[in-house]
Amino acid sequence: MGPVAPQLGYSAILRWRHDPTRDEARNVAVILVDREGQFGALKSAPISSISPQLHEQGILDAILEGLRQKVVNEPRLNLLELESMQQSMQLSVVLSKPKPVLVDDPNKTIEALYKAYVAPRQGGTTVGKGQILDRLVSAYRRRGFDVKRAARLDDFLFDAIIELPRRQRQVAEVLTFQKEKKHWEDEERAAGHFLYGIERLKLSGFAVIQPPADSAFDETRESHERISKWFRREKIKILAPADLNNDHLPHE
Amino acid sequence: MTDSVPAQPQVMTLDALEKLDNQGVTIHWAIQYGEPPPISSHASPHSFVCRNGKVYWVKATAQNGLAAELIAGRLAKLAGAGPDAQVIYVSIGIVPQAAQHLVGIVVGIEEQRGTINARQLQQLVTQGLGAGLADASSRARVVCFQSWIGVSDSQVLVNPTHGLVYSIDHGAAFGNLDPQEPVVVVTQIPGISDDLGRSRADVDSALKTIERISDADILGVVSCIPEEVAWNADRGRRLQIANWLASRRGQLRKVMSTWAQ
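Same order as they appear, the protein sequences are chains F and Z.
Using the working numbering, the first residue of the first sequence is number 1, and each one after it goes up by one.
Using the working numbering, the first residue of the second sequence is number 1, and each one after it goes up by one.
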């Protein structure tokens with residue numbers, strides 16, 4: 001009676017404690033390993049759902065990517081190493097104590113654990129800058145590119161830095177005009193910073209811009225057109241968020 | 001309120017139930033232990049993450065057999081009055097000492113996040129709660145549902161974010177299957193008026209949801225259940241439960257009209 005038992009793995013939840021003193025934390029990823037490091041998986045929530053702050057997004061993304069490499073690539077993290085990591089992570093990023101989990105298929109198991117512990121609740125349909133940046137980073141990483149999110153090159157902060165072959169780099173700026181507001185100085189300053197940065201560092205770059213909705217204020221359309229004109233003048237390719245699903249991305 | 005439910009063609013037969021049973025029992029694997037029970041109860045349920053990504057509060061005993069929980073949970077989901085119930089397989093490899101009694105093929109009630117058990121509210125609430133804490137239409141659904149299945153020792157969960165109310169803990173259901181007219185069951189929610197959900201509109205809406213549950217649906221709900229001793233679910237008994245439910249469904253509107261205002 002009952003199905004045959006699969007093998008035993010161990011999972012831990014990575015939590016982000018925005019304020020360690022208050023111990024207010026949220027689950028951001030689940031990690032799955034086994035005793036010997038024979039299999040491993042990590043699944044995380046979209047970065048944009050964890051924090052709206054670009055700087056925090058960058059740090060979280062770097063941490064999660066680092067962990068993912070340890071879990072997925074040989075030699076994989078094993079239970080002992082995961083337990084040791086859990087004991088040392090006690091401040092803003094904490095790991096729960098690894099717990100046993102039955103594993104027949106690591107991919108299916110991590111999906112189940114992710115759904116139970118981490119998956120953000122379904123929210124509204126508005127797609128913000130963070131979510132577009134999630135898609136951009138995922139699109140390049142799926143193709144094997146190394147991408148840093150919200151990272152600096154010299155003095156300049158870029159939304160995404162994509163490492164290309166032969167030690168080349170490409171940078172990206174993400175902007176959205178689908179917000180209910182009339183003043184777009186922050187976006188214009190961000191666009192100006194981006195253009196100045198790529199000129200000073202002699203980089204190639206592109207932008208992903210979500211255009212205004214049909215019902216947008218005039219000020220929104222004007223700001224969108226202003227920024228688009230700057231980018232066109234500097235020959236910066238402009239993509240729409242939907243273009244990130246295409247077969248070919250900039251520099252492919 | 002509108003007229004009673006029209007008669008339905010005869011579908012409640014042993015042959016029909018056997019045919020459904022032959023489809024087999026769907027069993028969900030528990031892959032990881034969750035946590036112990038938040039409040040004490042007869043069955044001492046613990047939570048488990050299952051392979052489908054859902055979390056279930058798992059029980060291995062119930063006053064009238066695990067089938068009572070499973071059938072009532074399936075019905076609650078159809079009636080929009082409570083969480084779903086499933087058959088769960090718990091393996092010894094993932095179970096701490098305190099939950100060893102749950103190893104085997106048992107029943108799980110789907111977790112409803114963000115909810116508070118009304119019994120916990122009893123310990124915490126000393127004054128009335130805001131009128132908006134519980135949703136009237138949701139409360140009406142639970143009252144109608146619990147009256148239909150005739151639970152004793154009824155319990156509810158409340159979600160303070162959405163105001164939804166859920167009927168839970170149905171292990172005592174289906175103890176007495178003698179033909180009896182339903183009586184109104186109103187589970188108290190501390191700080192919430194017993195009159196919440198009594199409007200004719202809310203009760204009528206709740207009744208319509210229950211009346212849309214057909215004989216075929218009821219037969220489906222009592223089918224595909226393990227027949228081990230702990231389940232108390234031999235086919236004859238399950239058919240008896242199905243007929244009992246169908247009969248009470250037809251009487252419910254008249255009974256609830258005495259409560260609706």
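Beta carbons are placed, not taken as given, at the ideal position from N, Cα and C, and that holds for glycine.
Using a Cβ distance threshold of 7 Å, Z:ASP84 and Z:SER137 do not count as a contacting pair. Inter-residue distance for Z:HIS28 and F:PHE231 is about 54 Å (C-alpha atoms, whole angstroms). The residue among F:ALA213, F:TYR196, F:PRO211 and F:PRO212 with its C-alpha nearest the C-alpha of F:GLY205 is F:TYR196. If you draw a 10 Å sphere on the C-beta of Z:VAL90, you find 16 or more other C-beta atoms in it, and that means buried. Non-local beta-carbon contacts of F:SER92 in its own chain, meaning distances under 8 Å to residues more than five positions away in sequence, involve TRP16, ARG17, HIS18 and PRO20 in chain order. Bridge pairing for F:ILE162: F:VAL147 and F:GLN170 [DSSP].
The C-beta of F:LEU8 comes closer than 7 Å to at least one C-beta of chain Z.
For Z:CYS50, no alpha helix (DSSP H) segment is defined; the enclosing uninterrupted segment is the beta strand (DSSP E) at 46-50.
By the 16-neighbour rule on beta-carbons within 10 angstroms, F:LYS235 is exposed.
Residues of chain Z with a Cβ closer than 8 Å to the Cβ of F:SER11 are, in chain order, GLN32. Beta bridge pairing from DSSP links Z:THR209 with no other residue. Considered as a whole, the stretch 128-156 of chain Z harbours 136-149 as its complete alpha helix (DSSP H) runs of no fewer than 4 residues, in chain order. For chain F, the residues of the stretch 39-53 of chain Z that bring a beta carbon within less than 8 Å of one of its beta carbons are VAL49, CYS50, ARG51, ASN52 and GLY53, in chain order. Restricting attention to Z:ASN52, Z:GLY108 and Z:GLY104, the CA atom closest to the CA of Z:GLY73 is found in Z:GLY108. Note that the C-beta distance between F:ARG68 and F:LEU42 is below 7 Å. Scanning the stretch 56-126 of chain Z for uninterrupted alpha helix (DSSP H) segments of 4 residues or longer gives 66-79 and 118-124, listed from N- to C-terminal end. With fewer than 16 other Cβ atoms from the protein chains shown falling within 10 Å of its own Cβ, F:HIS55 counts as exposed. Listed in chain order, the non-local C-beta contacts of F:ARG141 below 6 Å within the same chain comprise VAL147, local neighbours out to five positions each way being set aside. Checking the DSSP bridge columns, you'll see Z:ILE168 partnered with Z:GLN155. Contact of F:PRO100 with chain Z by beta-carbon distance below 8 Å involves GLN32, TYR33, GLY93 and ILE94.
Proximity of F:ALA172 to chain Z, defined by a Cβ-Cβ separation below 7 Å, is not satisfied. Rounded to the nearest whole angstrom, the CA to CA distance from Z:HIS170 to F:LYS97 is 34 Å. Contact with chain F is absent for Z:VAL229, since none of that chain's Cβ atoms lies less than 7 Å from the residue's Cβ.
Taking the C-beta atoms as reference points, Z:GLU110 is found nearer than 7 Å to Z:TYR56.
Of the residues Z:LEU14, Z:ARG248 and Z:ALA16, the one whose Cα lies closest to the Cα of Z:GLN146 is Z:ARG248. The stretch 76-91 of chain F makes no contact with the stretch 63-78 of chain Z; the number of CB pairs closer than 8 Å stays below 3.
Using a Cβ-Cβ cut-off of 7 Å, Z:VAL186 does not count as an interface residue toward chain F, since no Cβ of chain F sits closer than that to its own.
Straight through space, the alpha carbons of Z:VAL106 and Z:ASN232 are spaced by roughly 12 Å. Along the stretch 51-76 of chain Z, the positions whose C-beta sits under 9 Å from a C-beta of chain F are ARG51, ASN52, GLY53, LYS54 and VAL55, read in chain order. Checking the DSSP bridge columns, you'll see F:ARG15 partnered with F:ASN27 and F:VAL94. Assigned with DSSP and collapsed to three states, F:GLY205 falls in strand. Leaving aside the five residues that flank F:TYR10 on each side, the residues in its chain whose CB is nearer than 8 Å to its CB run, in chain order, LEU32, VAL33, ASP34, ARG35, LEU79, LEU82, PRO98, LYS99, PRO100 and VAL101.
By the Cβ neighbour-count rule, F:LYS129 is buried, with 16 or more other Cβ atoms within 10 Å of its own.
Under the three-state reduction of DSSP, F:LEU67 is assigned to helix. Where Z:GLN32 is concerned, the enclosing beta strand (DSSP E) starts and stops at 27-33. Among the residues of chain Z, those whose CB is under 9 Å from the CB of F:LYS115 are VAL49, ASN52, GLY53 and LYS54, following chain order.
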